[in-house]
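S.K.:
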Amino acid sequence: MANTRHEFGEHGGVNMSVEASTTFTVMHPDIMPEIFGGKKGPEQGGCYLYGRHFNPTVYNLGKQLAALEGTEAAYCTASGMSAISATLMQLCDAGDHIVSSNAVYGGTYALMHDLLPGKTGVETTLVDITDLQAVEAAITDRTRVLYTESISNPTLRVSDIPGLSDIAKRHGIKLVVDNTFSPLILSPKQLGADIVVHSMTKFISGASDFIAGAVCADHEFIEQLMDLHTGMLMIFGPTMDPQVAFNISLRIPHLPLRMVEHAKRTQMFAERLNAMGMSVTYPGLPSHPDHALMSDLHCQEYGYGGIMTLDLGTEARANELLELLQNEYHFGYVAVSLGYFDTLMSCSGSSTSSEMTDEDKSAAHISEGLVRLSIGYTGTTEQRWAQLMEALERIGEAPQKRIA
Ligand code: PLP
Numbered sequence: 001m002a003n004t005r006h007e008f009g010e011h012g013g014v015n016m017s018v019e020a021s022t023t024f025t026v027m028h029p030d031i032m033p034e035i036f037g038g039k040k041g042p043e044q045g046g047c048y049l050y051g052r053h054f055n056p057t058v059y060n061l062g063k064q065l066a067a068l069e070g071t072e073a074a075y076c077t078a079s080g081m082s083a084i085s086a087t088l089m090q091l092c093d094a095g096d097h098i099v100s101s102n103a104v105y106g107g108t109y110a111l112m113h114d115l116l117p118g119k120t121g122v123e124t125t126l127v128d129i130t131d132l133q134a135v136e137a138a139i140t141d142r143t144r145v146l147y148t149e150s151i152s153n154p155t156l157r158v159s160d161i162p163g164l165s166d167i168a169k170r171h172g173i174k175l176v177v178d179n180t181f182s183p184l185i186l187s188p189k190q191l192g193a194d195i196v197v198h199s200m201t202k203f204i205s206g207a208s209d210f211i212a213g214a215v216c217a218d219h220e221f222i223e224q225l226m227d228l229h230t231g232m233l234m235i236f237g238p239t240m241d242p243q244v245a246f247n248i249s250l251r252i253p254h255l256p257l258r259m260v261e262h263a264k265r266t267q268m269f270a271e272r273l274n275a276m277g278m279s280v281t282y283p284g285l286p287s288h289p290d291h292a293l294m295s296d297l298h299c300q301e302y303g304y305g306g307i308m309t310l311d312l313g314t315e316a317r318a319n320e321l322l323e324l325l326q327n328e329y330h331f332g333y334v335a336v337s338l339g340y341f342d343t344l345m346s347c348s349g350s351s352t353s354s355e356m357t358d359e360d361k362s363a364a365h366i367s368e369g370l371v372r373l374s375i376g377y378t379g380t381t382e383q384r385w386a387q388l389m390e391a392l393e394r395i396g397e398a399p400q401k402r403i404a
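In the working numbering, the protein residues as written are 1 to 404.
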């Protein structure tokens with residue numbers, strides 16, 4: 001994480017203040033037109049204008065996010081989906097085209113597959129993002145965006161960001177990467193992405209108490225998003241609440257510790273389950289198809305992430321396991337979302353990927369028994385492992401291979 005200037009509180013407090021005002025006093029009315037025109041912001045000798053435009057607390061969290069992702073600027077939004085939809089709509093005009101990974105979060109899929117075509121005429125071609133030839137072949141003269149998730153939800157395929165960046169540059173289009181699954185682990189901007197989006201609802205917040213998002217990009221793009229006439233954030237208005245911004249700002253400093261612990265435990269569980277012959281997917285396993293790629297791209301200190309999947313074959317069997325894990329062994333919670341301090345588990349096909357057609361789910365390899373586990377760090381590792389083993393034994397999964 002790059003260094004950013006520490007923001008002291010109004011009275012010298014070590015934490016920044018929460019600016020609770022939605023509007024700001026313009027001391028000299030004659031500069032109002034310049035402020036409105038974006039020529040005299042707080043960093044150009046002017047002042048803040050209105051909370052939907054820039055709020056100091058939200059603005060400061062944006063600076064932390066820009067430092068986290070190594071971009072010139074960032075802007076925080078009310079949700080991950082608003083960060084994604086604002087970015088895509090800012091980059092595309094009516095009739096333009098997006099090439100996207102076929103394995104993306106269900107809400108992002110719905111935006112591209114169901115909402116954008118009817119409302120804007122923007123069409124999306126879904127491709128296997130690991131097949132760079134297929135990616136390039138899908139680009140047309142109307143393509144404006146190449147979109148992917150650094151680690152895909154829920155299939156955990158890793159994007160070759162440098163390879164995708166080469167393609168995007170060759171075709172003069174923008175590479176947008178959703179880095180929700182791998183903050184700190186992967187640095188999409190350094191690897192060649194143009195714009196990085198986040199759902200901060202997940203690992204960055206870490207407590208499943210706020211819905212929040214961010215767009216990290218160069219100054220020019222952030223200014224476009226905030227344009228008074230055509231800025232998707234300014235006009236649609238998915239503004240982050242300053243109280244939320246303040247709370248999240250206090251969690252960024254311990255994000256590194258949390259990411260390390262999530263990854264350490266997930267790696268251990270994945271290795272043990274793999275040794276038992278279970279159908280486990282985790283980029284930290286040498287058997288994962290993108291293990292070598294991720295080993296090249298990631299920041300070693302943070303490991304391979306806090307999410308793994310287990311394929312139980314059928315949804316009924318997956319539910320049987322989830323029922324036991326939650327209600328009898330207290331291993332975690334059956335809940336969508338991820339990045340929480342406790343383990344969250346869900347059957348992706350019937351929850352966070354349920355927006356997808358059966359055909360698109362199958363093309364993305366989202367099988368009906370696929371369980372996504374976001375591994376938490378409460379309890380001791382061995383306690384958690386014992387809970388998992390007892391539940392697996394109860395449903396008759398490889399008890400003879402139990403290894404701990
Ligand atoms: N991106 C990814 C990878 C996600 O998993 C999600 C939500 O699960 C989102 C974006 C949307 O984020 P939010 O719920 O904050 O709008």
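Don't be surprised by glycine CBs; every beta carbon is placed ideally from N, CA and C. This structure is a prediction, so every number in the text was calculated from the model and none was measured.
Taking A217 as part of the beta strand (DSSP E), name the residues at either end of that continuous run.
M.R.: Position 217 of the sequence shown, counted from the first residue, corresponds to residue 217. 213-217 is the extent of the beta strand (DSSP E) around A217.
S.K.: Is L233 near T71, with beta carbons less than 8 Å apart?
M.R.: Along the sequence shown, read from residue 1 onward, the residue named residue 233 stands at position 233. Along the sequence shown, read from residue 1 onward, the residue named residue 71 stands at position 71. Contact flag unset, no.
S.K.: Whose CA, out of E301, Q267, Y302, A134, lies closest to the CA of H288?
M.R.: The residue you call residue 288 lines up with position 288 of the sequence shown. It is Q267.
S.K.: Mapping DSSP to helix, strand and coil, what is K202?
M.R.: Position 202 of the sequence shown, counted from the start, is the residue given in the question as residue 202. In this structure, K202 counts as coil in the three-state DSSP scheme.
S.K.: Measuring only from the beta carbon, is D178 closer than 7 Å to any heavy atom that is part of the ligand PLP?
M.R.: To locate residue 178, count along the sequence shown from 1; it is residue 178. Within the cutoff, so yes.
S.K.: Distance, Cα to Cα, Y59 vs N327?
M.R.: Here residue 59 is taken as the residue at index 59 of the sequence shown, counted from 1. Here residue 327 is taken as the residue at index 327 of the sequence shown, counted from 1. Computed Cα separation, rounded: 42 Å.
S.K.: Could you check the C-alpha separation between C92 and R272 for me, to the nearest Å?
M.R.: Residue numbering aside, residue 92 sits at position 92 when the sequence shown is read from its first letter. Residue numbering aside, residue 272 sits at position 272 when the sequence shown is read from its first letter. Going from the Cα of C92 to the Cα of R272 covers about 45 Å.
S.K.: With a CB to CB cut of under 6 Å and the five nearest residues on each side skipped, what residues in its chain are close to Q387?
M.R.: Residue 387 sits at position 387 when you count from the first residue of the sequence shown. Excluding residues within five positions, the ones whose Cβ falls inside 6 Å are Y329, F331.
S.K.: What do you reckon, are the CB atoms on I139 and I173 nearer than 8 Å?
M.R.: Counting from one through the sequence shown, the residue named residue 139 turns up at place 139. Counting from one through the sequence shown, the residue named residue 173 turns up at place 173. In contact: I139 and I173 (Cβ atoms closer than 8 Å).
S.K.: Around the Cβ of E397, are there at least 16 other Cβ atoms within 10 angstroms (buried) or fewer (exposed)?
M.R.: In the sequence shown, counting from the first residue as 1, residue 397 sits at position 397. Classification of E397: buried, given that the 10 Å Cβ count is 16 or more.
S.K.: Determine the contact status of G349 and S374, defining contact as a CB-CB distance below 8 Å.
M.R.: Residue numbering aside, residue 349 sits at position 349 when the sequence shown is read from its first letter. Residue numbering aside, residue 374 sits at position 374 when the sequence shown is read from its first letter. No; because the gap between Cβ atoms is not below 8 Å, this pair is not in contact.
S.K.: Is DSSP giving E123 helix, strand or coil here?
M.R.: For this step, residue 123 is matched to residue 123 along the sequence shown. Note: E123 maps to strand in three-state DSSP.
S.K.: Enumerated in chain order, which unbroken segments of the alpha helix (DSSP H) with a length of 4 residues or greater are wholly contained in the stretch 39-115?
M.R.: Fully enclosed alpha helix (DSSP H) runs of 4 or longer: 56-69, 80-91, 106-110.
S.K.: In three-state DSSP terms, what is V145?
M.R.: Residue numbering aside, residue 145 sits at position 145 when the sequence shown is read from its first letter. Strand, per DSSP.
S.K.: Mapping DSSP to helix, strand and coil, what is D360?
M.R.: Counted from its first residue, the sequence shown places residue 360 at position 360. If DSSP states are grouped into helix, strand and coil, D360 belongs with the helices.
S.K.: Assign D30 to one of two classes, buried (16 or more other C-beta atoms within 10 Å of its C-beta) or exposed (fewer than that).
M.R.: The residue you call residue 30 lines up with position 30 of the sequence shown. When all chains shown are included, D30 counts as exposed.
S.K.: From what residue to what residue does the beta strand (DSSP E) around T309 run?
M.R.: Sequence index remark: in the sequence shown, residue 309 carries index 309 (1-based). Residues 307-311.
S.K.: Hey, out of V334, V280, I252, M81, whose CA is closest to G213's CA?
M.R.: The residue you call residue 213 lines up with position 213 of the sequence shown. With distances taken between Cα atoms, G213 lies closest to M81.
S.K.: Which ranges would you report for the alpha helix (DSSP H) in the stretch 258-345 if only whole runs of at least 4 residues count?
M.R.: With a minimum length of 4 residues, the continuous alpha helix (DSSP H) runs that stay inside the stretch 258-345 are 291-297, 315-327.
S.K.: Distance check for R170 and D141, CA to CA, integer angstroms please.
M.R.: In the sequence shown, residue 141 corresponds to position 141, counting from 1. In the sequence shown, residue 170 corresponds to position 170, counting from 1. In a straight line, the C-alpha of D141 is about 12 Å away from that of R170.
S.K.: Is any heavy atom of the ligand PLP found at a distance shorter than 7 Å from the C-beta of M232?
M.R.: As a first step, residue 232 must be located in the sequence shown, where it is residue number 232. Outside the cutoff, so no.
S.K.: Only counting the same chain, and skipping five residues up and downstream in sequence, which positions put a Cβ closer than 6 Å to that of E136?
M.R.: To locate residue 136, count along the sequence shown from 1; it is residue 136. Around E136: I167.
S.K.: Quick one: residues in its chain with C-beta nearer than 7 Å to the C-beta of D311, no 5 flanking neighbours on either side, listed in chain order?
M.R.: Residue 311 sits at position 311 when you count from the first residue of the sequence shown. Same-chain partners within the cutoff: S279, S367, G369, L370.
S.K.: Does the contact criterion of 3 or more C-beta pairs under 8 Å hold for the stretch 235-244 versus the stretch 336-351?
M.R.: Taking 8 Å as the limit for Cβ pairs, the verdict is that the stretch 336-351 does not touch the stretch 235-244.
S.K.: May I ask whether a heavy atom of the ligand PLP can be found less than 7 Å away from the beta carbon of M294?
M.R.: For this step, residue 294 is matched to residue 294 along the sequence shown. The answer is no for M294.
S.K.: For the alpha helix (DSSP H) that D166 lies in, which residues bound it at each end?
M.R.: In the sequence shown, the residue the question calls residue 166 occupies position 166. 161-171 is the extent of the alpha helix (DSSP H) around D166.
S.K.: Can you confirm whether the stretch 141-161 touches the stretch 174-193 when touching is taken to mean that 3 or more C-beta pairs between the two stretches lie within less than 8 Å?
M.R.: They touch, by the three-pair rule.
S.K.: Are the CB atoms of M200 and I248 within a distance shorter than 8 Å?
M.R.: Here the question's residue 248 lines up with position 248 in the sequence shown. Here the question's residue 200 lines up with position 200 in the sequence shown. Contact flag set, yes.
S.K.: Name, in chain order, the residues that DSSP records as bridge partners for L392.
M.R.: One-based indexing of the sequence shown puts residue 392 at position 392. Paired residues: none, contrary to the question.
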